[in-house]
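Numbering (the UniProt record's numbering), first residue to last: 1 to 333. Heads up, the beta-carbon is just placed ideally off N, CA and C, and yes, glycines get one too.
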């Protein structure tokens, strides 16, 4: 939690006037709470109603326009992070958060809180450090499934695994196995381009409601999982990054019929620009914002303007500390 606070404070102190800032979770406040199990750091963040994993679990089909707008917002947010010298390291469905643009509708989308007292089974000693009650999530499952993308607020969340671009010495990141770039599988040096590989996997999953690389990890050694992962990458992407035909065929099989046939081939090229096995050949966030599939036919003047400002570097200078240094939080009893 302290690491997450450090990264959030680092971003909050940024003077960068970047349009992508609004697509990254911001810190509203923080404090420490003294409870029965010690002192806990509490972060105050915007209310979000759903996440990418929840939005894809029921297989709701989405067309190219939806995926195009969603991709643009996530890429703008990631560009802000990279321009702020932050590598996210943990881009995955659960860390793309959604809410409604009309804040007045939030109460309608939340269930009434229900306190569930903790009951101890007969013969088990009561642990005084355990909570006295549990509070289940107030979110309605599937509440945002059929919302238009224009009515949603999208933010990149969970920055606790973030690393500084300026620090050349980095341990292995916490990236989920199925989202790990080839250089992470091989335990080689890595940089911000691992976020681009994750982004390709992420957008594929939003478009198809299926994981690009489904790995069997139960009762299997890490070495065997890595070998399976490398084999899947070779089968679906190709080792040299040049054979788009195999990937195009696979993508076409996975996309819903509502996606739009005319968009399939350019969308495949868009994804393949991120899913390059050689990290030096992976496209950057700034280049992604110029990609023809993304910018042609974008149905949002606001997004088009934000993309234009970003690629023209109309975002102001970066004038904040490049280190993640926490401040002393207030203690609330």
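- In this structure, residue 164 lies near residue 86, with their beta-carbon atoms less than 8 Å apart.
- Under DSSP, residue 158 forms no beta bridge with any residue.
- DSSP lists 43 as the bridge partner or partners of residue 30.
- With a beta-carbon spacing of about 14 Å, residue 205 and residue 215 fall beyond the 8 Å limit used to define contacts.
- In the structure shown, residue 116 adopts extended strand secondary structure according to DSSP, grouped into three states.
- In this structure residue 271 does not touch residue 69 by the C-beta definition: roughly 16 Å separates them, more than the 8 Å allowed.
- Taken atom to atom, the span from the alpha-carbon of residue 189 to that of residue 231 is near 21 Å.
- Where residue 97 is concerned, the enclosing beta strand (DSSP E) starts and stops at 96 to 100.
- Counting only runs of 4 or more residues that sit fully inside the region 147 to 231, the alpha helix (DSSP H) segments are 182 to 185 and 193 to 208, in chain order.
- Distance between residue 199 and residue 44, taken at the CA atoms: about 27 Å.
- Boundaries of the alpha helix (DSSP H) around residue 310: 301 to 311.
- Collapsing the DSSP output to three states places residue 249 in a helix.
- Contact check for residue 194 against residue 181 passes: the beta carbons are separated by less than 8 Å.
- In the DSSP assignment, residue 8 falls within the alpha helix (DSSP H) that extends over 2 to 12.
- Listed in chain order, the non-local C-beta contacts of residue 152 below 8 Å within the same chain comprise 98, 99, 100, 101 and 144, local neighbours out to five positions each way being set aside.
- Residue environment for residue 23: buried (at least 16 other C-beta atoms within 10 angstroms of its C-beta).
- A residue is called buried when at least 16 other Cβ atoms come within 10 angstroms of its Cβ; residue 301 does not meet this threshold and is exposed.
- For residue 273, the enclosing alpha helix (DSSP H) covers residues 261 to 274.
- Look at residue 50 here: in three-state DSSP terms it is strand.
- With fewer than 16 other Cβ atoms inside 10 Å of its own Cβ, residue 26 counts as exposed.
- Nearest Cα to residue 55 within the set 309, 96, 213 and 179: 96.
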